[in-house]
Ligand SMILES: [Cu+2]
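Residue numbers (this note's numbering): 4 to 349.
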């Protein structure tokens, strides 16, 4: 199929070259002067440019409306509304600048194509013009960049919302695991050297904070409650991407990255909004992290806080046979001890 396409392109080019030769020969035979021939060429090129310009612009506008339905629905998070506003402002500015510059570029090429009657007006420089095309873009770009930066610093200002529900998102080739911090809203310490078959997140079972930690294969979020994601990776760089919440943050091995946001629309409500009864939020990996990267995702469900509590109760505790005793050192755990410290404490 590809070979066929290549052959078609090559033969089309050859045909065009032959046609151009034929036209040249025909011009010679009809005693058309070289000048006239060049005028004709210039006119055809000019008309071609205008067709390209208006055809392209019309096609662009058509595509925007044709594929609008495939764009993301309204933002399902609080900060996402601001991001969308910023994004739309950027698009409007880009669209205006794009249309003005392209129309000028192609129209000038058409209007001022070679004409032997016309002499070009020469000027060395024009300060007024230079000032205009330096100052206007500077102001517009500075406004876009500063509003973007201030919005980003608002979004990443964790000091403002320390009370968020803490969830660890743990990425590895090629799946995600989420760990809920439980009642204390504190995640037990984890360390990669503790990772084994029964403890895939490498959590310290003797850390009191890990007592009530729960893991899940789906991410449930209560609506209207601030969420704080603590993001880790076991192997390579992944990226936590929640497109409907306008959230993205890299998962980097050896460090914890964070992202705070507040979901505002439940899955049920979003199904109404999109008119799609099968709609589900999704967590995707947004870094090409290996062969099965395309399949590295997790279902995300946003529910009312009461339903969230019910769901959380049904989730698997991290350390199932944990016996909570007065002194942490006497606790028995299902985790295989793979660290000297744990063995010694036992
Ligand atoms: Cu990945």
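Cβ atoms here follow ideal geometry from the backbone N, Cα and C, with glycine treated the same way.
Only a predicted model underlies this, so the values are computations on that prediction, with no experimental measurement involved.
Secondary structure at residue 268: coil, using DSSP grouped into helix, strand and coil. Contact holds between the region 297 to 305 and the region 223 to 232, because three or more Cβ pairs, one in each stretch, are under 8 Å apart. Within the same chain, and ignoring the five residues on either side of residue 210 in sequence, the residues whose Cβ sits closer than 7 Å to its Cβ are 191 and 192.
In this structure, residue 79 places its C-beta atom within 7 Å of the C-beta atom of residue 248. The alpha-carbon separation between residue 110 and residue 136 amounts to approximately 19 Å. Residue 87 and residue 199 have their C-alpha atoms spaced approximately 42 Å apart. Taking every protein chain shown into account, the CB of residue 128 has fewer than 16 other CB atoms within 10 angstroms, so this residue is exposed. Residue state for residue 172 is assigned as strand, using DSSP reduced to three classes. Restricted to the region 284 to 322, the beta strand (DSSP E) segments that are unbroken, complete and at least 3 residues in length are 284 to 288 and 300 to 306, listed in chain order. Under the rule that a run must span 4 or more residues, the alpha helix (DSSP H) segments found entirely inside the region 114 to 191 read 130 to 158. Among the bridge pairs identified by DSSP, residue 254 is matched with 241.
Here the alpha carbons of residue 15 and residue 288 stand approximately 42 Å from one another. Buried is the label assigned to residue 173, since at least 16 other Cβ atoms lie within 10 Å of its Cβ. A straight-line Cα-Cα distance of about 44 Å links residue 267 and residue 107. With fewer than three CB-CB distances shorter than 8 Å, the region 179 to 188 does not count as touching the region 143 to 158. Exclusion of the five residues before and after residue 77 leaves 276 as the residues of its chain whose Cβ lies within less than 7 Å of its Cβ. Put simply, the backbone Cα of residue 103 is about 22 Å away from that of residue 148.
For residue 213, the three-state secondary structure derived from DSSP is helix. Around the C-beta of residue 201, fewer than 16 other C-beta atoms lie within 10 Å, and the residue is accordingly described as exposed.
Residue burial annotation: residue 160 is exposed, with fewer than 16 other C-beta atoms found within 10 angstroms of its C-beta.
For residue 127, the Cβ stays outside the 6 Å cut-off from all heavy atoms of ligand 1.
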